[in-house]
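Residue numbers (this note's numbering): 1321 to 1688. All C-beta atoms, glycine included, are put in the ideal place defined by N, C-alpha and C. Values in this document were obtained by computation on a predicted structure and should not be read as measured data. Contents: one structure, followed by commentary.
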Amino acid sequence: MSASTNNNNMNDNNDIAPDMPEMRSVLIRSSAPAMPQMRSFSDTKQAPQYAPIVRKQAPIDISVAPTPTPTSTITWQPSSVPQLPDYYPLERSHVTITNVDCAEVAHRISECLRNESIAATFTENKAVAETLCHTQFYVQLFESNEELIVEVQRRTGCSYTFRQCSKAILRAAKGEQQQQQQQPCQAPPPLPPSLPTLDNAISIEKEAIDIAFDLLAQERVDAQLLGMQSLLSCNNNTTPTTVFQTDQLAVIIKHATSRQSELRRDALTVLANCWSQNNSNTMPKVNHDLLLRTLIADLTDQDLHVAHQAARCLTAIWQSSSGVDELKALLLTYGSATATRMALREGQSKHALLEQETTRLLQMELEH
1321 MSASTNNNNM NDNNDIAPDM PEMRSVLIRS SAPAMPQMRS FSDTKQAPQY APIVRKQAPI
1381 DISVAPTPTP TSTITWQPSS VPQLPDYYPL ERSHVTITNV DCAEVAHRIS ECLRNESIAA
1441 TFTENKAVAE TLCHTQFYVQ LFESNEELIV EVQRRTGCSY TFRQCSKAIL RAAKGEQQQQ
1501 QQQPCQAPPP LPPSLPTLDN AISIEKEAID IAFDLLAQER VDAQLLGMQS LLSCNNNTTP
1561 TTVFQTDQLA VIIKHATSRQ SELRRDALTV LANCWSQNNS NTMPKVNHDL LLRTLIADLT
1621 DQDLHVAHQA ARCLTAIWQS SSGVDELKAL LLTYGSATAT RMALREGQSK HALLEQETTR
1681 LLQMELEH
């Protein structure tokens, strides 16, 4: 009896499940990565867009603008300069200056930026600069062991353009003589692999222009930017024979009168190059009222590169000899002279090429 009982107890003990945590199978993985989206090459901080962003801008009342007076070209006046942080990796494009006041160095740099026609905004110890070809860089001031350090740091854009601009800025900061330049710092055009015949060159240029306008017709902003950059390379000052068709000019004017910042500046540059080279032969039959109002408003734009290209367009209109008397009358009606004076004042303090172009434009307006 006892043996049978013991056997039953042993069987019961075998049926009891051990006190252990229940094992479960778990699949651990990260969520599927989102498909990468195309981004604009010129501005990596903005969210990707699939159509141009139209920014509303309040109309500019230029009728009550005061007559500009000569102003000082000192636009950067840092009151204090921070110490160089520990373990801060300085860029190779920097210089160390001794026995020179910080205000004097800032004045040299701001004057160099003006002479090179580089648009800049200033904070306490940093200048944010941008060239016409969208090359952006910082100019920063630091102190270390009673020495002043000037650092130029590239953010976006062409490396060659940045190198040329940084060399000019650092030379100016040290007080060295600047090299005379007729044009602002720009990258040299690429050399062709061979010299084509005239017929081949015209065919290649026409094909390049057609491809550029096909890119402009797409909805994606990155494709439109590539197309406009292609037009700039075909339409620079070294190729004065480039002529666009009427429908193609209408596309360029559409982008020039929009408020999408990147396309607007480049479109104005293409338009200014085209009109400056061919004058009245390329004046399109478009809505003159909208075009002229936009160009006059662009003279007082915060982007000095946009103001400069708008002044070039207006100068080309004034220089045209036939068929544009109506345009000139509209310019005077819309207060072109007052806007030109405002742009001249900005050019005198910040942008040398804007000063030169508005001086020519104002002279033609006063002689009319």
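**Prompt:** What is the DSSP secondary structure of residue 1416, counted as helix, strand or coil?
**Reply:** The residue given as residue 1416 occupies position 96 in the sequence shown. Assigned with DSSP and collapsed to three states, residue 1416 falls in strand.
**Prompt:** Can you give the Cα-Cα distance for residue 1554 and residue 1479, rounded to whole angstroms?
**Reply:** The residue you call residue 1554 lines up with position 234 of the sequence shown. The residue you call residue 1479 lines up with position 159 of the sequence shown. Cα to Cα, the separation comes out at about 21 Å.
**Message:** Whole angstroms are fine: how far does the CA of residue 1678 sit from the CA of residue 1541?
**Reply:** As a working note, residue 1541 is residue 221 in the sequence shown. As a working note, residue 1678 is residue 358 in the sequence shown. Rounded to whole angstroms, residue 1541 to residue 1678 spans 31 Å at the Cα level.
**Request:** Find the nearest neighbour of residue 1612 within the set 1543, 1631, 1545, judged by alpha-carbon distance.
**Result:** For this step, residue 1612 is matched to residue 292 along the sequence shown. The shortest Cα separation from residue 1612 among 1543, 1631, 1545 belongs to 1631.
**Request:** Pick out whichever of 1404, 1407, 1413, 1434 has its Cα sitting closest to the Cα of residue 1395.
**Result:** Here residue 1395 is taken as the residue at index 75 of the sequence shown, counted from 1. Out of 1404, 1407, 1413, 1434, 1434 has the C-alpha closest to the C-alpha of residue 1395.
**Prompt:** Where do the ends of the beta strand (DSSP E) carrying residue 1456 lie?
**Reply:** Position 136 of the sequence shown, counting from 1, holds the residue named residue 1456. Taken as a continuous stretch (DSSP letters only), the beta strand (DSSP E) holding residue 1456 covers 1456–1464.
**Asked** Are residue 1546 and residue 1536 closer than 7 Å when you measure CB to CB?
**Response** Here residue 1546 refers to the residue found at position 226 of the sequence shown. Here residue 1536 refers to the residue found at position 216 of the sequence shown. No, the pair does not count as a contact, with Cβ atoms beyond the cut-off.
**Prompt:** Span of the beta strand (DSSP E) holding residue 1540?
**Reply:** Along the sequence shown, one-based indexing puts residue 1540 at 220. Residue 1540: not part of any beta strand (DSSP E); DSSP gives it neither H nor E.
**Item:** Cutoff 6 Å; reference residue 1441; Cβ partners in own chain excluding five residues on either side
**Value:** The sequence position of residue 1441 within the sequence shown is 121, counting from 1. For residue 1441, where only same-chain residues beyond five positions count, the Cβ hits under 6 Å are 1448.
**Request:** Mark residue 1593 as exposed unless 16 or more other C-beta atoms lie within 10 angstroms of its C-beta, in which case mark it buried.
**Result:** Numbered from its first residue, the sequence shown carries residue 1593 at position 273. By the neighbour-count definition (other C-beta atoms within 10 Å, threshold 16), residue 1593 is a buried residue.
**Message:** Tell me which residues share the same chain as residue 1689 and place their Cβ nearer than 7 Å to its Cβ, disregarding the 5 neighbours each side in the sequence.
**Reply:** No answer is possible for residue 1689: it lies beyond the span of the chain, which begins at 1321 and ends at 1688.
**Prompt:** Is residue 1463 near residue 1403, with beta carbons less than 7 Å apart?
**Reply:** By one-based count along the sequence shown, residue 1463 stands at place 143. By one-based count along the sequence shown, residue 1403 stands at place 83. Yes, they are a contact pair.
**Message:** Taking its Cβ as the centre, do 16 or more other Cβ atoms sit within 10 Å of residue 1523, making it buried, or is it exposed?
**Reply:** In the sequence shown, the residue the question calls residue 1523 occupies position 203. Here residue 1523 is exposed. Its C-beta has fewer than 16 other C-beta atoms within 10 Å.
**Item:** Expected contact under 8 Å - CB spacing of residue 1585 and residue 1578 to nearest Å
**Value:** Residue mapping note: residue 1585 aligns to position 265 of the sequence shown, counting from 1. Residue mapping note: residue 1578 aligns to position 258 of the sequence shown, counting from 1. Incorrect: roughly 11 Å between the Cβ atoms, too far for contact.
**Candidates 1538, 1460, 1671: closest to residue 1422 by CA position** = If you number the sequence shown from 1, residue 1422 lands on position 102. It is 1460.
**Request:** May I ask you to list the residues that DSSP assigns as paired with residue 1468?
**Result:** The sequence position of residue 1468 within the sequence shown is 148, counting from 1. The beta-bridge partner set that DSSP reports for residue 1468 consists of 1417, 1463.
**Asked** Which residue from 1420, 1439, 1429, 1406 puts its Cα closest to that of residue 1623?
**Response** As a first step, residue 1623 must be located in the sequence shown, where it is residue number 303. Nearest of 1420, 1439, 1429, 1406 to residue 1623, Cα basis: 1439.
**residue 1665, buried or exposed, once every other Cβ within 10 Å from all chains shown has been counted against 16** = Your numbering for residue 1665 matches position 345 in the sequence shown. Around the beta carbon of residue 1665, a 10 Å sphere encloses 16 or more other beta carbons of the protein chains shown; the residue is thus reported as buried.
**Asked** With distances taken between CB atoms, is the gap from residue 1659 to residue 1619 smaller than 7 Å?
**Response** What you label residue 1659 is simply residue 339 of the sequence shown in a count that begins at 1. What you label residue 1619 is simply residue 299 of the sequence shown in a count that begins at 1. Annotated as proximal: residue 1659 and residue 1619, with beta-carbon spacing under 7 Å.
**Request:** Using only alpha-carbon positions, find the residue among 1629, 1669, 1494 that is nearest to residue 1452.
**Result:** Here the question's residue 1452 lines up with position 132 in the sequence shown. Of 1629, 1669, 1494, the residue nearest in Cα terms is 1629.
**Message:** Pop quiz: residue 1457 and residue 1475 are said to be a contact at Cβ under 8 Å. What is the actual Cβ separation, rounded to whole angstroms?
**Reply:** Position 137 of the sequence shown holds residue 1457. Position 155 of the sequence shown holds residue 1475. Yes, residue 1457 and residue 1475 are in contact; Cβ-Cβ is about 6 Å, under 8 Å.
**Request:** Check each candidate in 1489, 1667, 1495 and name the one with the smallest Cα separation from residue 1472.
**Result:** Looking up residue 1472 in the sequence shown gives position 152. For the options 1489, 1667, 1495, the alpha carbon positioned closest to that of residue 1472 is the one of 1489.
**Asked** From residue 1431 to residue 1662, what distance separates their C-alpha atoms?
**Response** As a position in the sequence shown, residue 1431 is number 111, starting the count at 1. As a position in the sequence shown, residue 1662 is number 342, starting the count at 1. The C-alpha of residue 1431 lies about 20 Å from the C-alpha of residue 1662.
**Asked** residue 1425 lies in the alpha helix (DSSP H); which residues open and close that run?
**Response** Stepping through the sequence shown from its first residue, residue 1425 is reached at position 105. Taken as a continuous stretch (DSSP letters only), the alpha helix (DSSP H) holding residue 1425 covers 1422–1435.
**Message:** Am I right that residue 1493 and residue 1417 are in contact with their C-beta atoms under 8 Å? What's the rounded C-beta distance?
**Reply:** The sequence position of residue 1493 within the sequence shown is 173, counting from 1. The sequence position of residue 1417 within the sequence shown is 97, counting from 1. Contact annotation, residue 1493 with residue 1417: C-beta distance approximately 6 Å; criterion of less than 8 Å satisfied.
**Item:** Contact belief for residue 1653 with residue 1681 at Cβ below 8 Å, rounded distance in angstroms
**Value:** Along the sequence shown, one-based indexing puts residue 1653 at 333. Along the sequence shown, one-based indexing puts residue 1681 at 361. A Cβ-Cβ separation of about 16 Å leaves residue 1653 out of contact with residue 1681 under the 8 Å criterion.
**Reduced DSSP category for residue 1622 - H, G, I as helix; E, B as strand; rest coil** = If you number the sequence shown from 1, residue 1622 lands on position 302. Collapsing the DSSP output to three states places residue 1622 in coil.
**Message:** Excluding the 5 residues flanking residue 1530 on each side, which residues of the same chain have their C-beta closer than 7 Å to its C-beta?
**Reply:** What you label residue 1530 is simply residue 210 of the sequence shown in a count that begins at 1. No residues qualify anywhere along the chain.
**Message:** Going by DSSP in three states, residue 1442 sits in which element: helix, strand or coil?
**Reply:** Translated into the one-based positions of the sequence shown, residue 1442 becomes position 122. Strand, per DSSP.
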